[in-house]
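Enquirer: Please see the structure below; I have some questions.
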Amino acid sequence: MALQDISSHSNVSRDGDILKVMQKQNVITELLVKQQKQSQLPTKDIPVFRGDALQYKSFIRAFEHSIEQKTDNDQDKLYFLEQFTNGEPQELVRSCVHMQPSRGYKEAKRLLHKHYGDELRIASAYIDKALQWPQIKSEDGKALNAYAMFLVGCRNTMEDIESLEEMDNPTNLRTVVSKLPYKMKERWRAEAYNIKERRDRRAKFTDLVSYIERQAKIATDPLFGDIPDSRPTSAGKNDKERPPAKKEKRGSFATNVSTENQKIKWAGEKSANPNKKEAPSKSHVCTVSKLTP
């Protein structure tokens, strides 16, 4: 009986060991499959950072994902950080090359964040770009959509760095609104007042972006976005541009004929009787008026 218990216990223990081995094999297999899938992905391109504060977040995340997570060697990280920067950012990284690798890499990232990742600097960069944005014309759906996409990117970035309140400044809001067509400015004024009246707060940057984004979708709607004016303005315009018809002057032909006949008559009389004086102008006028119908 004791031997049977020992045998059954050993069988259970052996089955448990086999189960653990199989579980480990499954984990290893899943890791191999995952690694195989990752190897089949396209090569990730890291953008070269040249000092644009609006591109800093996307650059540093791409660098951390593609390089920092794949090596533990700080010297390699510092080398690649120098390789993927240019201009002033590269000079900042080079100033840390002579330090100890671990300290140099941390200091290089700190300097980059200080100069290009500061929340106020990013907000200021967005406002500067908004100020340089060309004025949007009425019914220009493409330009309005491009402006909306820019503002959506601004909103997402500022939400990510938890500094969206920087864009809620009234001066910044007025700068964004100034680029809109006049009719959209009027509608936004009413929208901002409704927000204040119904929600008991003033309009924020997120409200403005949502408004512009919706107006852009309306303007670029594939069915009704571009509706031509069907009013018959062309006919009226042609009528206005057409010069007025000249009224016929009744009797002009008769007047000309009578004048020529009168000249011939006078010439004949003069040749026949050179001493005869010309007919007075009064009789000439009477002759013309008689011939005129």
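For the sequence shown, counting from 1, position 269 maps to 275 in the working numbering; every step adds exactly one. The C-beta atom is built at its ideal place from N, Cα and C for all residues, glycine as well.
1) Quick check for students: name the residue ranges of the alpha helix (DSSP H) that lie wholly in the region 128 to 172, counting only runs of 4 or more.
2) When you compare only the Cα positions, how much space is there between serine 169 and lysine 30?
3) Nearest CA to the CA of asparagine 175: which residue from Asp80, Ile73 and Arg208?
4) Tyrosine 188: buried (16+ other C-beta within 10 angstroms of its C-beta) or exposed?
5) Can you tell me the Cα-Cα spacing of leucine 137 and glutamine 42, whole angstroms?
6) In whole angstroms, what is the alpha-carbon distance linking isoleucine 34 and glutamate 165?
7) Beta-carbon separation of methionine 190 and glutamine 221 under 8 Å?
8) Give the secondary structure of phenylalanine 55 by DSSP, where H, G and I count as helix, E and B as strand, and everything else as coil.
9) Got a sec? Which residues, its chain only, sit under 7 Å from glycine 57 by beta carbon, not counting five neighbours each side?
10) Would you list the residues sitting across from threonine 91 in a DSSP beta bridge?
11) So the alpha helix (DSSP H) isoleucine 224 belongs to, where does it begin and stop?
12) Exposed or buried, what is phenylalanine 69 when buried is set at 16 or more other beta-carbons lying within 10 Å of its beta-carbon?
13) Report, in whole angstroms, the separation of the C-beta atoms of phenylalanine 90 and isoleucine 52, which I expect to be a contact under 8 Å.
14) Which residues in the same chain as alanine 225 place their Cβ atom closer than 6 Å to its Cβ, once the five residues preceding and following it in sequence are excluded?
Expert: According to the structure shown:
1) Here the runs fully enclosed are 147 to 166.
2) Residue mapping note: residue 169 aligns to position 163 of the sequence shown, counting from 1. Residue mapping note: residue 30 aligns to position 24 of the sequence shown, counting from 1. Distance from the CA of serine 169 to the CA of lysine 30, rounded to the nearest whole angstrom, comes to 45 Å.
3) If you number the sequence shown from 1, residue 175 lands on position 169. Checked all of Asp80, Ile73 and Arg208; the closest Cα to asparagine 175 is Arg208.
4) In the sequence shown, the residue the question calls residue 188 occupies position 182. When all chains shown are included, tyrosine 188 counts as exposed.
5) Against the sequence shown, residue 137 aligns to sequence position 131. Against the sequence shown, residue 42 aligns to sequence position 36. Leucine 137 and glutamine 42: Cα-Cα distance of roughly 48 Å.
6) For the purposes of this step, residue 34 is taken as the residue at position 28 of the sequence shown. For the purposes of this step, residue 165 is taken as the residue at position 159 of the sequence shown. So the alpha carbons of these two residues sit roughly 39 Å apart.
7) If you number the sequence shown from 1, residue 190 lands on position 184. If you number the sequence shown from 1, residue 221 lands on position 215. Yes.
8) If you number the sequence shown from 1, residue 55 lands on position 49. DSSP places phenylalanine 55 in the strand class (E or B) of the three-state scheme.
9) What you label residue 57 is simply residue 51 of the sequence shown in a count that begins at 1. So the list reads Gly93, Glu94, Pro95 and Tyr122, once near-sequence residues are dropped.
10) Taking the first residue of the sequence shown as position 1, residue 91 is located at position 85. Within the DSSP secondary-structure output, threonine 91 pairs in a beta bridge with Phe55.
11) Position 218 of the sequence shown holds residue 224. Here the alpha helix (DSSP H) through isoleucine 224 covers 211 to 225.
12) The count along the sequence shown starts at 1 and reaches residue 69 at position 63. Burial state of phenylalanine 69 is buried, judged by a 10 Å Cβ sphere holding 16 or more other Cβ atoms.
13) Translated into positions along the sequence shown, residue 90 becomes position 84. Translated into positions along the sequence shown, residue 52 becomes position 46. Confirmed, about 5 Å.
14) As a position in the sequence shown, residue 225 is number 219, starting the count at 1. Gly147, Leu150 and Gly231, listed in sequence order.
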